[in-house]
Amino acid sequence: MFGAVLLTLGLLACTAPPSDPGSPPTTLFPLPAPPAEFSVLSYNVAGLPQEVSKENPKTHLPMISPLLNEYDVVLTQEDFDWWQPAAGILDFTNYHTRLRAQATHPYRTDRHPGPAAVGINPAARPLLVGDGIGAISRFPLTAEAHGAWIGCYGDAFTGAGDCLAMKGFRVVTMTLGDGREVDVYSLHAEAGSGDLDQALQVKDFEQLSLFIQSRGDDRAIILGGDTNLHIDEGYPESNTGEVDRVIWEQFLTSTGLTDVCAELACGTPGSIDKFAYRSNNSVLLSATGIEFPAERFTASTGEALSDHTPVVATFRWNIPAG
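Mapped onto our numbering, the consecutive letters of the sequence shown carry residue numbers 2 to 323.
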């Protein structure tokens, strides 16, 4: 079924859907004056088509939607808003709208602009869907930018199928009180644990590091998402644990970011869904909490709403002294 559905979609040319349904609400929230705290949720919502998914996105995404209102900023992965036109025959094309339908956040990332805008040649790979990365916020979001990983491995029958999507990262500039800015990144890295996957994970984080550095070392940053890096020693695929840890540590060092889980000794350092951050001379950020609210994102039947556990980081921000 997986291969048949994806190959059917792959027969048609890549064009973006005509519009992004579901306008955001018009209610705006007052910006808190510093010092203040805000929460950021990162959640891989498992939004692949029901026909190929091991999860139940058709039912679960509408259930996730109202739960997002507990958080000031929400970063999503596998929340697809671009697809091949043949996907119009699938209910999958409604998932993105349903996920955001009950969210009250007034600021939202736009629909993915398509492969040409991120330097992807759709004729060179079996591309079917966008990056699946989005953000909604109670604070203004501007200057949205997209980055697609330069390399990928896997189709409907090989690897983790990463070449079927435009995986990569998105960054937006979030404005807090007094006009002070924080760059917010959401990412989804190469999956899998084979040698090719591992080599591409190295390149993914090198690419992201260079992008961050290209914007200058004077930007405050919050970064969250699905890193697909298993940095715990007990991970069953033992060839990845140490290598993944080196990839993550080198990325943190090169960007000046701090791992929230490590800083707060969260107890689940091996989670592939991570947060990292840094301050600058305009915004002083400090991580005050991190949690993995699995029970909150569970159906009444006891079934998890995604195959990922959501992660929530709480940040306190202030204006640096002097």
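We put the CB at the ideal spot given by N, CA and C, even for glycine.
Short Cβ contact (8 Å threshold) for residue i with residue j
i, j, result
"residue 193", "residue 146", "no"
"residue 80", "residue 119", "no"
"residue 345", "residue 261", "The structure shown does not extend to residue 345, since the chain is modelled only from 2 to 323, so the question has no answer here."
"residue 170", "residue 187", "yes"
"residue 222", "residue 258", "yes"
"residue 56", "residue 308", "yes"
"residue 317", "residue 31", "no"
"residue 92", "residue 112", "no"
"residue 72", "residue 244", "no"
"residue 135", "residue 77", "yes"
"residue 209", "residue 273", "no"
"residue 201", "residue 140", "no"
First through last residue of the alpha helix (DSSP H) which encompasses residue i
i, result
"residue 205", "196-215"
"residue 101", "96-102"
"residue 37", "It is not in any alpha helix (DSSP H) - residue 37 instead sits in the beta strand (DSSP E) that spans 37-45."
"residue 266", "Where residue 266 is concerned, there is no enclosing alpha helix (DSSP H), given that its DSSP letter is neither H nor E."
Cβ-based burial, residue i [other Cβ within 10 Å; buried from 16]
i, result
"residue 225", "buried"
"residue 172", "buried"
"residue 105", "exposed"
"residue 215", "exposed"
"residue 34", "exposed"
"residue 149", "buried"
"residue 19", "Residue confidence for residue 19 is low, a pLDDT of 35 falling below 50, so the modelled location carries little weight and cannot support an answer."
"residue 315", "buried"
"residue 217", "exposed"
"residue 48", "buried"
"residue 191", "buried"
"residue 159", "exposed"
"residue 303", "exposed"
"residue 125", "exposed"
"residue 117", "exposed"
"residue 281", "buried"
"residue 133", "buried"
"residue 90", "exposed"
"residue 301", "exposed"
"residue 297", "exposed"
"residue 311", "buried"
"residue 144", "exposed"
"residue 284", "buried"
"residue 114", "exposed"
"residue 198", "buried"
"residue 60", "exposed"
"residue 299", "exposed"
8 Å CB neighbourhood of residue i in its chain, flanking five on each side removed
i, result
"residue 99", "62, 63 and 66"
"residue 323", "none"
"residue 121", "128, 149 and 167"
"residue 253", "259, 260 and 277"
Endpoints, beta strand (DSSP E) assigned at residue i
i, result
"residue 317", "312-319"
"residue 291", "285-292"
"residue 143", "142-149"
"residue 60", "That residue, residue 60, is in no beta strand (DSSP E); its alpha helix (DSSP H) goes 58-68."
"residue 223", "222-227"
"residue 77", "74-78"
"residue 278", "274-279"
"residue 177", "From DSSP, residue 177 is part of no beta strand (DSSP E); its letter is neither H nor E."
"residue 136", "135-138"
Beta-carbon contacts of residue i that lie in its chain and below 7 Å, excluding the five residues immediately before and after
i, result
"residue 29", "107"
"residue 212", "148"
"residue 155", "161, 162, 163, 164 and 193"
"residue 204", "151 and 152"
"residue 270", "232, 233, 262 and 263"
"residue 97", "80, 81 and 82"
"residue 294", "311 and 313"
"residue 70", "104 and 105"
Sequence-distant residues of its chain with Cβ nearer than 6 Å to residue i (five each side left out)
i, result
"residue 246", "232"
"residue 239", "In this prediction, residue 239 scores a pLDDT of 44, lower than 50, which makes its location untrustworthy; the coordinate-derived value is nonetheless stated afterwards. Once the five neighbours on either side are set aside, residue 239 has no close Cβ partner at all."
"residue 74", "41 and 138"
"residue 142", "108, 173 and 175"
"residue 185", "173, 175 and 223"
"residue 275", "228"
"residue 12", "For residue 12, the predicted structure reports a pLDDT of 32, less than 50, and the residue's modelled location is therefore unreliable. The matter cannot be settled from this model."
"residue 267", "291"
"residue 320", "35"
"residue 182", "174 and 176"
"residue 255", "210"
Residue i Cβ short of 7 Å to the ligand HEM heavy atom set
i, result
"residue 283", "With respect to the ligand HEM, the structure shown offers nothing to examine, as it has no ligands at all."
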